[in-house]
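Visitor: Just passing along the structure, written as structure tokens.
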Amino acid sequence: MTSHRTRVLARLAAAASALALAGPAAAGDGDLNVYYGDLHLHTSYSTDAVFLSGARTGLDDAYRFARGEAVEYAGQMLRRDEPLDFIAVTDHAEQMGVGRALYDDEGPLAATEMSRTLRAGKHAPISQVERLFKSSDPIPGVDVKPIIAGAWRAEKQAVDRYYQPGVFTTFLAYEWSATPDGQNLHRNVIFRGNEAPLPFSSIDSLRPEDLWTWLEENRARGIEALAIPHNADVSNGLMYAPTDSDGKPIDARYARRRAANEPIGEIYQSKGQSETHPLLSPPDELASFEIFESLMGATGGMRRGEPSGSYFREAWGRGLAIAKATGENPFAFGVVGATDLHTGLADTRESTYRGPGMMGELPVEAVKVLLAQTEDPNPVIPLIATGSGGLAGIWAPENTREALYDALRRKETFATSGTRIALRVFGGSDHPADLVQKPGWREAAQAGGVPMGATLPARSAEDGAAPRIAVLALQDPRGAKLERVQVVKVWLGEDGPAEQVYDAKVAKDGAPSLEVVWQDPGFDAARPALYYVRVVELPTPRWSTLLAKEAGLPPTKGYPETIQERAWSSPIWYSPPGATTASN
């Protein structure tokens with residue numbers, strides 16, 4: 015389980031001449047290591063995984079697969095090519111365990127009409143299925159509360175059963191699944207410890223503010239947790255709107271609460287990326303990467319979402335404007351990647367992806383459905399538009415719940431599109447151009463600046479020195495070489511938020527590592543700004559291309575045949591002297 019991390023650290027040392035990886039003072043004096051994992055995964059305890067994906071995988075399957083063991087799925091034995099370091103099973107709070115119980119011949123729901131229908135291989139009426147997701151009384155005449163309580167108890171027991179401090183970390187977690195009118199406002203709730211009350215669900219409230227109240231009340235009782243907003247591209251502009259749930263402009267109190275409860279966002283998963291959209295960032299030639307436009311629960315054809323309010327780059331700029339107006343930034347969040355797979359098995363390789371609900375070998379007819387090569391090539395949700403899912407990268411002193419959770423809190427994290435790129439970023443004012451080639455550069459970077467997720471000290475404005483961003487990126491040992499490192503700047507200009515993408519270092523033929531110290535050429539000490547790094551691999555075949563070739567089919571027209579896997583860092587913020595800190 016440590017093989018990849020060992021290789022990464024060895025190559026970091028070679029690339030940067032005895033590179034030291036000591037952590038920031040706020041995190042203690044121990045060295046930091048990079049850990050990879052998934053904070054968004056569903057098993058058969060999620061009702062939609064059972065109904066929509068046919069998942070029968072349980073909690074044991076999910077944890078065993080994540081740590082590198084072979085598990086059975088649809089009659090096949092499957093195994094990851096490399097174990098994860100951490101995992102959070104985030105089954106939906108709404109009727110947790112009920113879908114699974116409906117298929118149990120000897121379970122508490124076996125005598126119900128719905129259970130008999132499903133176990134006979136028939137489809138339940140759509141009204142009954144919708145009721146499961148939305149009603150506190152989903153099966154009339156049956157109290158499902160004991161089933162939900164039992165499911166949560168099973169989740170907690172499994173989390174502890176598979177936790178191996180220092181080796182493999184499991185987080186107690188669940189998904190709050192508010193989806194008003196098909197607009198996804200989901201949040202994954204991640205607990206620092208192993209104790210928590212029954213989940214607060216969207217049946218309790220559709221308002222994120224009420225979820226925050228629940229988190230705050232638990233925090234006051236010593237139960238620490240944070241919420242990670244779902245990939246926002248399917249929110250129809252609601253996730254990062256400039257208003258609260260009542261449609262009122264965001265004020266300081268709302269901004270402060272959101273920043274405290276949601277320090278991290280999910281920038282990439284199987285339903286696409288939420289970095290930016292071509293309509294929001296026309297000059298960005300890489301903005302069209304893995305766009306997923308279909309809203310959830312649509313009927314009568316695909317329903318496209320509104321880009322504005324659904325993407326991180328715009329949200330980060332909007333946060334700067336709100337901070338200037340209110341003194342608080344609601345959108346000063348870092349990034350992670352995830353899968354959101356409903357198979358119970360977290361795998362992110364293009365070569366193994368088979369759509370959001372299938373894995374292993376598939377018959378040709380099933381492949382045609384996945385690749386939109388049937389008589390109905392335009393389903394409500396085109397499965398070919400989905401992707402293999404992403405990974406969260408965390409820099410922490412050790413692989414434990416506490417250390418990883420604390421790193422999430424301070425946003426020393428990055429996201430990938432499923433590849434295991436290693437990415438380290440620091441910002442400061444006095445970094446020399448050859449900083450990353452020097453022994454002990456990490457200490458020098460820390461002494462003169464901050465890691466990703468933090469805010470640059472105001473002193474950089476006092477002397478007028480433009481920020482320098484130090485970047486070290488390493489390719490995935492099993493992936494393609496790196497093509498470029500880009501620094502994306504977002505700032506508050508005369509007419510509102512503005513953005514610019516800079517090529518900090520380019521290797522046209524690819525390189526195993528890219529190191530660079532980039533300095534902002536347009537720095538204005540009086541204007542709030544943020545910087546994040548995007549690292550891009552050379553093109554490789556997309557999963558749909560690989561699957562088509564495997565099945566003897568042509569690539570599907572209208573969809574990209576290749577993909578440029580990538581990684582994104584959490585931003586580094588800059589606030590002018592006297593301004594409120596942009597990140598908490």
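Residue numbering for the sequence shown follows the numbering used here, beginning at 15 and increasing consecutively.
Ideal Cβ positions, reconstructed from N, Cα and C, are used throughout, including at glycine.
Because the structure is a prediction, the values reported are computed rather than measured.
Buried or exposed, going by whether 16 or more other CB atoms sit within 10 Å of the CB of M466?
Guide: One-based indexing of the sequence shown puts residue 466 at position 452. With 16 or more other Cβ atoms within 10 Å, it is buried.
Visitor: Let's see if you can read the secondary structure: which residues bound the beta strand (DSSP E) around Y282?
Guide: Within the sequence shown, the letter at position 268 stands for residue 282. Residues I278 to Q283.
Visitor: Taking a contact to mean a Cβ-Cβ separation below 7 Å, would you say A352 touches D52 in this structure?
Guide: Along the sequence shown, read from residue 1 onward, the residue named residue 352 stands at position 338. Along the sequence shown, read from residue 1 onward, the residue named residue 52 stands at position 38. In contact: A352 and D52 (Cβ atoms closer than 7 Å).
Visitor: Excluding five sequence neighbours on each side, which residues of the same chain lie with their C-beta closer than 6 Å to the C-beta of K382?
Guide: The count along the sequence shown starts at 1 and reaches residue 382 at position 368. Counting only Cβ-Cβ distances below 6 Å, and skipping sequence neighbours, we find T388.
Visitor: Determine the extent of the beta strand (DSSP E) in which K522 is found, giving its start and end residues.
Guide: Against the sequence shown, residue 522 aligns to sequence position 508. Start and end: G510 to A525.
Visitor: If I measure Cβ to Cβ from L132 and keep anything under 7 Å in the same chain, skipping five residues before and after, which residues do I get?
Guide: In the sequence shown, counting from the first residue as 1, residue 132 sits at position 118. Only L116, Y117 and A138 meet the Cβ criterion.
Visitor: Can you check which of these residues, R93, P553, D74 and Q283, is closest to V577 by C-alpha distance?
Guide: Position 563 of the sequence shown, counting from 1, holds the residue named residue 577. Looking at the sequence shown, residue 577 is not Val but Ile. Measuring from the Cα of I577, the nearest candidate turns out to be P553.
Visitor: Considering only C-alpha positions, which residue in the set P122, T184 and E289 is nearest to L98?
Guide: Walking along the sequence shown from the start, residue 98 turns up at place 84. For L98, the nearest C-alpha among the options comes from T184.
Visitor: Measuring straight from C-alpha to C-alpha, what distance separates L23 and I162?
Guide: Taking the sequence shown and counting its residues from 1, one reaches residue 23 at position 9. Taking the sequence shown and counting its residues from 1, one reaches residue 162 at position 148. For L23, the predicted structure reports a pLDDT of 46, less than 50, and the residue's modelled location is therefore unreliable. A value from the coordinates is still provided. Roughly 43 Å between the two C-alpha positions.
Visitor: Mind checking which residues open and close the alpha helix (DSSP H) that includes Y176?
Guide: Counting from one through the sequence shown, the residue named residue 176 turns up at place 162. Here the alpha helix (DSSP H) through Y176 covers K159 to Y176.
Visitor: Work out the CA separation of E127 and W409 for me, nearest whole Å.
Guide: Numbered from 1 along the sequence shown, position 395 holds the residue referred to as residue 409. Numbered from 1 along the sequence shown, position 113 holds the residue referred to as residue 127. Whole-angstrom Cα-Cα distance: 50 Å.
Visitor: How many angstroms separate the CA atom of T193 from the CA atom of L376?
Guide: Residue numbering aside, residue 193 sits at position 179 when the sequence shown is read from its first letter. Residue numbering aside, residue 376 sits at position 362 when the sequence shown is read from its first letter. Taking the straight line joining both Cα atoms gives about 31 Å.
Visitor: Could you name the residues that DSSP lists as bridge partners for G286?
Guide: By 1-based counting over the sequence shown, the position of residue 286 is 272. Paired residue(s): Q283.
Visitor: Here's the rule: buried if 16 or more other CB atoms are within 10 angstroms of the residue's CB, otherwise exposed. What is Y588?
Guide: Position 574 of the sequence shown, counting from 1, holds the residue named residue 588. Buried.
Visitor: Check M91 in the structure and name its three-state DSSP category.
Guide: Counting from one through the sequence shown, the residue named residue 91 turns up at place 77. Reduced to three states, the DSSP call for M91 is strand.
Visitor: Taking 7 Å as the cut-off, decide whether the C-beta atoms of P370 and S284 are in contact.
Guide: Within the sequence shown, residue 370 is the residue found at index 356, counting from 1. Within the sequence shown, residue 284 is the residue found at index 270, counting from 1. Yes, Cβ-Cβ distance for P370 and S284 is below 7 Å.
Visitor: Can you pull the DSSP bridge partners for E189?
Guide: As a first step, residue 189 must be located in the sequence shown, where it is residue number 175. Answer is H106 and N202.
Visitor: Does the stretch 478-489 come close enough to the stretch 528-538 to have 3 or more Cβ pairs within less than 8 Å?
Guide: Touching, yes.
Visitor: Is there contact between the stretch 317-335 and the stretch 395-410, where contact requires at least three CB pairs shorter than 8 Å?
Guide: No, because fewer than three Cβ pairs between the stretch 317-335 and the stretch 395-410 fall closer than 8 Å, the two stretches do not touch.
Visitor: Could you check the C-alpha separation between R93 and D509 for me, to the nearest Å?
Guide: Indexing the sequence shown from 1 puts residue 93 at position 79. Indexing the sequence shown from 1 puts residue 509 at position 495. One C-alpha to the other measures close to 52 Å.
Visitor: So, P213 versus A107, is the Cβ gap smaller than 7 Å?
Guide: Reading the sequence shown from its first residue, position 199 is the one you call residue 213. Reading the sequence shown from its first residue, position 93 is the one you call residue 107. Contact flag set, yes.
Visitor: To the nearest angstrom, report how far apart L355 and T57 are at their CA atoms.
Guide: By 1-based counting over the sequence shown, the position of residue 355 is 341. By 1-based counting over the sequence shown, the position of residue 57 is 43. Roughly 9 Å separates the two Cα atoms.
Visitor: To the nearest angstrom, how far is it from the Cα of E457 to the Cα of G333?
Guide: Start at 1 with the first residue of the sequence shown, and residue 457 comes out as number 443. Start at 1 with the first residue of the sequence shown, and residue 333 comes out as number 319. Distance between the alpha carbons of E457 and G333 is about 30 Å.
Visitor: CA-CA distance, E551 and A102?
Guide: In the sequence shown, counting from the first residue as 1, residue 551 sits at position 537. In the sequence shown, counting from the first residue as 1, residue 102 sits at position 88. Going by the C-alpha atoms only, they are around 27 Å apart.
Visitor: Less than 7 Å between the beta carbons of R580 and S431, yes or no?
Guide: On the sequence shown, residue 580 is found 566 positions in, with the first residue counted as 1. On the sequence shown, residue 431 is found 417 positions in, with the first residue counted as 1. Yes, the pair counts as a contact, with Cβ atoms nearer than the cut-off.
Visitor: What would DSSP say about D45, mapped onto helix, strand or coil?
Guide: Numbered from its first residue, the sequence shown carries residue 45 at position 31. Three-state DSSP puts D45 in a strand.
Visitor: Could you work out which residue in H200, P122 and R206 is closest to S215 when comparing CA atoms only?
Guide: If you number the sequence shown from 1, residue 215 lands on position 201. It is H200 whose Cα lies nearest to the Cα of S215.
Visitor: Which parts of the stretch 217-303 are runs of the alpha helix (DSSP H), unbroken and 4 residues or longer, counting only runs that do not cross its ends?
Guide: 222-234 and 266-275, all fully within the stretch 217-303.
Visitor: Do L55 and A172 come within 7 Å of each other at the CB atom, strictly closer than that value?
Guide: Taking the first residue of the sequence shown as 1, we reach residue 172 at position 158. Taking the first residue of the sequence shown as 1, we reach residue 55 at position 41. Not a contact, by the Cβ cut-off of 7 Å.
Visitor: In chain order, which continuous runs of the alpha helix (DSSP H) of length 4 or greater are located wholly inside the stretch 532-593?
Guide: DSSP runs (the alpha helix (DSSP H)) wholly in the stretch 532-593: 557-565.
Visitor: Under the three-state reduction of DSSP, which class applies to R81: helix, strand or coil?
Guide: Along the sequence shown, one-based indexing puts residue 81 at 67. Of the three classes helix, strand and coil, the one that applies to R81 here is coil, per DSSP.
Visitor: Taking 8 Å as the threshold, find out whether the stretch 483-499 comes into contact with the stretch 422-439 through three or more Cβ pairs.
Guide: Judged by Cβ distances under 8 Å, the stretch 483-499 makes contact with the stretch 422-439, as three or more pairs qualify.
Visitor: Given a threshold of 16 other Cβ atoms within 10 Å of its Cβ, counted over all protein chains shown, does P321 qualify as buried or as exposed?
Guide: Counting from one through the sequence shown, the residue named residue 321 turns up at place 307. Flag for P321 reads buried.
Visitor: Starting from Q500, trace the beta strand (DSSP E) in both directions and tell me its first and last residue.
Guide: Counted from its first residue, the sequence shown places residue 500 at position 486. Where Q500 is concerned, the enclosing beta strand (DSSP E) stretches over L496 to G507.
Visitor: If you reduce the DSSP assignment to three classes, tell me which class L384 lands in.
Guide: Here the question's residue 384 lines up with position 370 in the sequence shown. DSSP places L384 in helix when its eight states are reduced to three.
Visitor: Determine which residues share a DSSP beta bridge with G463 and list them.
Guide: The sequence position of residue 463 within the sequence shown is 449, counting from 1. Bridge partners of G463: G442.
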